[in-house]
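Novice: Please find one structure pasted underneath; my questions will follow.
Numbering (the working numbering), first residue to last: 19 to 464.
This is the structure:
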């Protein structure tokens, strides 16, 4: 490097340091390129944003721990973060040295982990042995539900400023701490699921809110009222359908997928942009991180899957299709093991079509043109053709827009996708599909 370039480089570094000093090291999202000269404790003590945390470290043995060789990754709540804690909870935390030490240890991970090294869904083991979860999405990077605001390199690790205090709670404790989930907490207790969901997991809990339980149908409401053994077991199985034995973190890279619940039945997890749906029910809040899993809240109690035939029979908006399938003696087949994929026209689609074939051969040909062998979910559909149960092809068009994905089968658009069943999947469409070899005659017949 010639002398002029060296001078320019030194000047650039000096300017960067001046700016960093003016803004405060924790306001920058870039790690310093200069070798650190202070420990994690010194950096926190000398920064005016961490006075409460520094006092807490000094009142326990954590200062001496963090003055060790390390390296340590410290997720450091700012003074504002401590100020957001309810006063009673903050006072209780600060007055109990044993609990305070545990909470402080929960903010520390062995190793030097930069923000750039974090990926969505990554789990980190804290000094307590409990796990922290990284969430990366369009709005930023989070550890549990606290946002990373900046990082500072230290001689024995790195400090990440965060905007929340991390309180280690299990799934059950998180539910019990949320007033909007009090009915769920009671149901978990009544069905003896608290011990199971306090275990190490990990789990993902799709948690119905109080509003969900209050608006549930009578069959669910009765389970909440009754205390007999059979009702308690049905309620237990219903709640287990809301729990998946893995950690599903909403964020960058989270894929559409089916999940198997603890009840042994399947759920559909699907995203549209930043919106998340479970069995076509939109998630209200996502990524409520617990030590042993993740919680998503729903304003609906999830209905357990049925066979395709029963799902049609109990859905009034699909009654025309159910009647036609029954008349063609296809309903019993849709109670079989399958799996099948059914593109089912809505009642409005049948009404718009007018007359449908009355002879069994044409009716069967028409209806089997809406059925596929095997199970195909919306995210598996691709531009091209698919072969229906009657052996004839149907064109598939997939269009991705800013508002979501549009799927077309022939001229019909899927208006409700991925209704999960025990023996397949249903997609509701807005037009009746006509097989290529079947067209209505001019006089209205077939």
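Note that the Cβ used here is the ideal one computed from N, Cα and C, for glycine as well.
Please list, in chain order, all residues of the same chain as residue 293 whose beta carbon is under 7 Å from its beta carbon, the five residues on each side excluded.
Specialist: 300
Novice: Could you name each continuous alpha helix (DSSP H) segment of 4 residues or more that falls completely within the segment 314-365, going from the start of the chain to the end?
Specialist: 326-331 and 337-345
Novice: Using alpha carbons as the reference points, say which of 83, 195, 248 and 199 lies closest to residue 209.
Specialist: 248
Novice: Which one or two residues does DSSP pair with residue 445 in a beta bridge?
Specialist: 361
Novice: Expressed to the nearest angstrom, what Euclidean distance is found between the alpha-carbon atoms of residue 454 and residue 350?
Specialist: 26 Å
Novice: Select from 102, 172 and 267 the residue whose C-alpha is nearest the C-alpha of residue 88.
Specialist: 172
Novice: For residue 57, does the count of other Cβ atoms within 10 angstroms reach 16, so buried, or fall short, so exposed?
Specialist: buried
Novice: Who are the Cβ neighbours of residue 42 in its own chain at under 6 Å, not counting the five residues just before and after it?
Specialist: Note that residue 42 has pLDDT 43, beneath the 50 cutoff, so the model's placement of it is unreliable and no number is given.
Novice: On the criterion of 16 or more Cβ atoms from any shown chain inside 10 Å, does residue 109 qualify as buried, or is it exposed?
Specialist: exposed
Novice: By alpha-carbon positions, which one of 122, 155, 53 and 105 ends up nearest to residue 174?
Specialist: 53
Novice: Label residue 125 either buried or exposed according to how many other C-beta atoms from any shown protein chain fall within 10 Å of its C-beta, with 16 as the threshold for buried.
Specialist: Burial state of residue 125 is buried, judged by a 10 Å Cβ sphere holding 16 or more other Cβ atoms.
Novice: Does DSSP put residue 456 in a helix, in a strand, or in coil?
Specialist: Residue state for residue 456 is assigned as coil, using DSSP reduced to three classes.
Novice: So, helix, strand or coil for residue 149, using DSSP?
Specialist: strand
Novice: Using 8 Å as the Cβ pair cut-off and three pairs as the minimum, do the segment 111-130 and the segment 140-147 touch?
Specialist: Because the criterion of three Cβ pairs below 8 Å is met, the segment 111-130 and the segment 140-147 touch.
Novice: Compare the C-alpha of residue 104 against each of 195, 92 and 161 and name the closest.
Specialist: 195
Novice: Who are the near neighbours of residue 297 in its chain, counting only those whose CB is closer than 7 Å to its CB and skipping five residues on each side?
Specialist: Result list for residue 297: 285, 286, 320 and 438, in chain order.
Novice: Buried or exposed: which applies to residue 419, given that a residue is buried once 16 or more other Cβ atoms fall within 10 Å of its Cβ?
Specialist: exposed
Novice: Can you tell me where the beta strand (DSSP E) with residue 299 in it begins and where it stops?
Specialist: For residue 299, the uninterrupted beta strand (DSSP E) run begins and ends at 299-308, by DSSP.
Novice: Measure the alpha-carbon distance for residue 225 versus residue 314 and round it to whole angstroms.
Specialist: 6 Å
Novice: Would you mind working out which of 235, 291, 241 and 214 sits nearest residue 280, comparing C-alpha positions?
Specialist: Looking at the Cα atoms, 214 is the closest of the given residues.
Novice: Quick check on DSSP: helix, strand or coil for residue 402?
Specialist: Residue 402: strand per DSSP, three-state reduction.
Novice: Helix, strand or coil: how does DSSP classify residue 118 here?
Specialist: helix
Novice: What runs of the alpha helix (DSSP H), each 4 residues or longer, lie entirely inside the segment 163-242?
Specialist: You should have 189-194, 200-208, 212-215 and 228-232.
Novice: Cα separation between residue 382 and residue 395?
Specialist: 24 Å
Novice: In chain order, what are the residue ranges of uninterrupted alpha helix (DSSP H) at least 4 long that sit wholly in the segment 73-98?
Specialist: 80-84
Novice: For residue 378, I'd like the list of residues in its chain whose CB is within less than 7 Å of its CB, leaving aside the five on either flank, ordered along the chain.
Specialist: 346
Novice: With C-beta atoms as the reference, is residue 433 less than 8 Å away from residue 393?
Specialist: No; because the gap between Cβ atoms is not below 8 Å, this pair is not in contact.
Novice: Give the DSSP-derived three-state secondary structure of residue 128 in the structure shown.
Specialist: In the structure shown, residue 128 falls within a strand segment according to DSSP collapsed to helix, strand and coil.
Novice: Would you give the residue range spanned by the alpha helix (DSSP H) that residue 248 belongs to?
Specialist: 247-258
Novice: Helix, strand or coil: how does DSSP classify residue 14 here?
Specialist: The question about residue 14 has no answer here: the residues shown for the chain are numbered 19 through 464.
Novice: Contact between the segment 254-264 and the segment 399-408: three or more CB pairs below 8 Å?
Specialist: no
Novice: Considering only C-alpha positions, which residue in the set 388, 99 and 414 is nearest to residue 451?
Specialist: 388
Novice: Determine the DSSP secondary structure at residue 64, reduced to helix, strand or coil.
Specialist: helix
Novice: Going by other Cβ atoms of all chains shown within 10 Å of its Cβ, with 16 needed for buried, is residue 151 buried or exposed?
Specialist: buried
Novice: If residue 303 sits next to residue 295, beta carbons under 8 Å apart, how far is it from one beta carbon to the other, in whole angstroms?
Specialist: Taking C-beta atoms under 8 Å as the contact rule, residue 303 and residue 295 fail to qualify, at a distance of about 14 Å.
Novice: Indicate whether the contact test is met: 3 or more Cβ pairs, each with one atom in the segment 127-139 and one in the segment 259-274, closer than 8 Å.
Specialist: yes
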